[in-house]
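Novice: Taken in sequence, the protein lines are chains A and B.
Counted the way the working numbering counts, the first sequence spans residues 1 to 110.
Counted the way the working numbering counts, the second sequence spans residues 1001 to 1118.
Every residue, glycine too, gets a C-beta built ideally from N, C-alpha and C.
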Amino acid sequence: AQRVTQPEKLLSVFKGAPVELKCNYSYSGSPELFWYVQYSRQRLQLLLRHISRESIKGFTADLNKGETSFHLKKPFAQEEDSAMYYCASQRNSGNTPLVFGKGTRLSVIA
Amino acid sequence: DTGVSQNPRHKITKRGQNVTFRCDPISEHNRLYWYRQTLGQGPEFLTYFQNEAQLEKSRLLSDRFSAERPKGSFSTLEIQRTEQGDSAMYLCASSLAGTGGGRSAGYTFGSGTRLTVV
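1) Just to make sure I have the definition right: I need the residues of chain B whose C-beta is within less than 8 Å of the C-beta of V99 of chain A. Which are they?
2) Within a Cβ cutoff of 7 Å, which residues of the same chain sit near A17 of chain A, ignoring the five residues on either side of it in sequence?
3) Quick one, which residues of the segment 18-44 of chain A are near chain B if we go by CB-CB under 7 Å, in chain order?
4) Which one of B:V1004, B:F1021 and B:S1005 has the shortest CA to CA distance from I1012 of chain B?
5) From H50 of chain A to R41 of chain A, what distance separates their C-alpha atoms?
6) Might you give, ordered along the chain, the residues of its own chain that have their beta carbon closer than 6 Å to the beta carbon of T1076 of chain B, omitting 5 neighbours on each side?
7) Counting only Cβ pairs nearer than 7 Å, list the residues of chain B close to R49 of chain A.
8) Please go through the same chain and pick out, in chain order, the residues whose beta-carbon is closer than 7 Å to the beta-carbon of S1111 of chain B, but skip the five residues on each side of it.
9) Please return the same chain residues whose Cβ sits closer than 6 Å to the Cβ of Y1033 of chain B, not counting the five positions on each side in sequence.
10) Buried or exposed: where does K1014 of chain B fall if 16 or more other Cβ atoms within 10 Å of its Cβ makes it buried?
11) Across the segment 22-33 of chain A and the segment 87-100 of chain A, are there enough close Cβ pairs to call them in contact, namely three or more that are closer than 8 Å?
12) When Cβ atoms are compared, which residues of the segment 1052-1075 of chain B fall closer than 9 Å to chain A?
In structure tokens:
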């Protein structure tokens, strides 16, 4: 069974500091990995997908198959980055539902 | 199209009562998903549809839960004989999947229905 682990429930950083939100997955195949974000009083929304290799709002994430990780990084945190972040995985066929981690709350302190 | 719409936003019910939630997905999306989220947890998969066919159900979905998507458009999730443990946020999401089973785009989520069973 797929499992997604986000070891930190809460991460607090100062504005301008680097951010790394950790995510590890367990799946023997080649999964698709995603990061979703939920800002206060807003719905859950897609932040980025590993296959897109994109940077969204300054965030990037690299899939490391050796370490089965998909950590989310940003070099300089902003106050507006404060939110809940969920890592999710899906089998690469796309025919199975997303499996989510428990989430990490990022708090950026001014 | 204003995205994925869920109704009601909030529902308070007495234990033992039946409740039904509705989800209207993005019109061109062929897949529709139901998830449940409790405090401190990520969304947990319940079931999903491709068009009107229910393709997968989680073991979390007891026989008190039933979901339908009769015309491949909106979906309903019914909980019979509600229990206090059913209190949660019920999330609906939709996506567009290729008919060849290719990779799907990310999901678009609704705002959820918060169920409180008293």
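Specialist: Quick look at the numbers:
1) Residues of chain B whose Cβ lies closer than 8 Å to the Cβ of V99 of chain A are, in chain order, F1045.
2) By the criterion of a C-beta distance shorter than 7 Å, A17 of chain A is surrounded in its chain by A77, once the five residues flanking it on both sides are discounted.
3) Within the segment 18-44 of chain A, the residues whose Cβ lies closer than 7 Å to some Cβ of chain B are E32, F34, R43 and L44, listed in chain order.
4) Here the closest residue by C-alpha is B:F1021.
5) Their Cα atoms are separated by approximately 26 Å.
6) So the list reads T1020, R1022 and E1068, once near-sequence residues are dropped.
7) Neighbours of R49 of chain A on chain B, chain order: G1106.
8) Excluding positions up to five away in sequence, the list reads Q1006 and R1009.
9) Y1048 and A1093, listed in sequence order.
10) Per the 10 Å Cβ criterion, exposed.
11) Yes: at least three Cβ pairs fall under 8 Å.
12) Shown in chain order are the members of the segment 1052-1075 of chain B whose Cβ falls below 9 Å from a Cβ of chain A: L1055, E1056 and S1058.
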